[in-house]
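Comments concern the structure below.
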Amino acid sequence: MAQTQVVVAFHAHPDDEVILTGGTLAKAAAAGHRVVVVTATDGRMGNEADNPRLDELRSSASILGVDRLECLDYADSGYGPDFYPDPPGRVRFGRANVDEAAQRLASILRAEDAQLLLSYQSNGGYGHRDHVQVHHVGQRAAELAATPRVLEATMPREVLTRIGDVARLLRLPAPYEPDVVRAAYAPRATITHRINVRRFAQQKRDAFAAHRSQIGDGLNARMFGVLLRLPPQVLGLIFSHEWFVDPAAPSGPVRAPQDDIFD
Ligand SMILES: [Zn+2]
456 MAQTQVVVAF HAHPDDEVIL TGGTLAKAAA AGHRVVVVTA TDGRMGNEAD
506 NPRLDELRSS ASILGVDRLE CLDYADSGYG PDFYPDPPGR VRFGRANVDE
556 AAQRLASILR AEDAQLLLSY QSNGGYGHRD HVQVHHVGQR AAELAATPRV
606 LEATMPREVL TRIGDVARLL RLPAPYEPDV VRAAYAPRAT ITHRINVRRF
656 AQQKRDAFAA HRSQIGDGLN ARMFGVLLRL PPQVLGLIFS HEWFVDPAAP
706 SGPVRAPQDD IFD
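With the numbering used here applied, the sequence shown covers 456 to 718.
Here you go:
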């Protein structure tokens, strides 16, 4: 086995850890690496007393084999045109002071002596303001902690189109609007890491299912609903890979994406 490494995956909300990196984290954990997940928000829009999302996150993390889980406790900023005021006593992550949030993430990166930070692209994938903020805070934290490598979790835009096609075929609601798909994530040719996670598809599905409260309404929920109803063979196809962009890689089309986040 290669030398044990430490990867810190920084995410916006409980459930993002599965959607973009669940298979990769399960694969890294299975290979004996140390896996740390940090979420910026606890998934609450306000100060609801009852918040199942952190418990769901804990279940999901344990299914994936995560060694340590931290939450920075910002409030969810919400998706869509309305950017609501901060709830009493808390700051929405989209309005967080980047340096302050980055200091907190950097202290985890330093304490863990992390070789790799997983973060998001500057477009925040599909544009959620908390996901855009993950990019800024992640980038700054990696600078502060001198973390040697950052990979930005993404997916080929083309895959979103395919998910839409499958949903249509199965007469399920399309998970994303067409205008979101056109500018989302990254074109396939720019992806530097394509991780084969087929062996971890079931773990990913189970971790998805742990986020029970998200199968209600909204954008993610629609995607959840679609995915959880797919037959296993289709699930294996959709969950066969996860993708990352190395922001330090030379620009231009990538000829052969790596199959290991530590390469
Ligand atoms: Zn999210």
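Just so you know, even glycine gets a beta-carbon here, dropped at the ideal spot from N, CA and C.
Since the model is a prediction, treat every value here as computed from it, not as a measurement.
Inter-residue distance for Asp-715 and Asp-531 is about 31 Å (C-alpha atoms, whole angstroms). Leaving aside the five residues that flank Phe-663 on each side, the residues in its chain whose CB is nearer than 7 Å to its CB run, in chain order, Val-473, Phe-679, Leu-682 and Leu-683. In the DSSP assignment, Tyr-539 falls outside any beta strand (DSSP E), carrying neither H nor E. Residues Val-553, Asp-554 and Ala-557 of the same chain have their beta carbon placed closer than 7 Å to that of Arg-595, with the five preceding and five following residues left out of the count.
Neighbourhood of ligand 1, defined by CB distance below 5 Å to any of its heavy atoms: Ala-467, His-468 and Asp-471, in chain order. For the pair Leu-615 and Val-462, the Cα-to-Cα distance works out to about 26 Å. Beta bridge pairing from DSSP links Phe-663 with no other residue.
Only exposed fits Gly-535, as fewer than 16 other CB atoms lie within 10 angstroms of its CB. CA-CA distance, Leu-692 to Arg-653, rounds to 8 Å. Distances from the alpha-carbon of Asn-578 to those of Glu-503, Ala-608 and Lys-659 put Ala-608 closest. DSSP links Arg-649 through a beta bridge to Trp-698. Look at Arg-547 here: in three-state DSSP terms it is strand. Sixteen is the threshold: since fewer than 16 other Cβ atoms of the shown chains lie within 10 Å of the Cβ of Ser-706, the residue is exposed. Listed in chain order, the alpha helix (DSSP H) runs fully inside the segment 471–542 are 471–485 and 508–519, counting runs of at least 4 residues. When the Cα atoms are used, Pro-702 and Gly-593 turn out to be separated by approximately 12 Å. With distances taken between CA atoms, Ala-622 lies nearest to Pro-686 out of Ala-704, Ser-668 and Pro-686. Using a 10 angstroms sphere on the CB of Arg-626, the tally of other CB atoms stays under 16, which defines it as exposed. Non-local beta-carbon contacts of Ala-516 in its own chain, meaning distances under 6 Å to residues more than five positions away in sequence, involve Val-492 and Leu-524 in chain order.
Between Ala-485 and Ala-600, the alpha-carbon positions lie close to 26 Å from each other.
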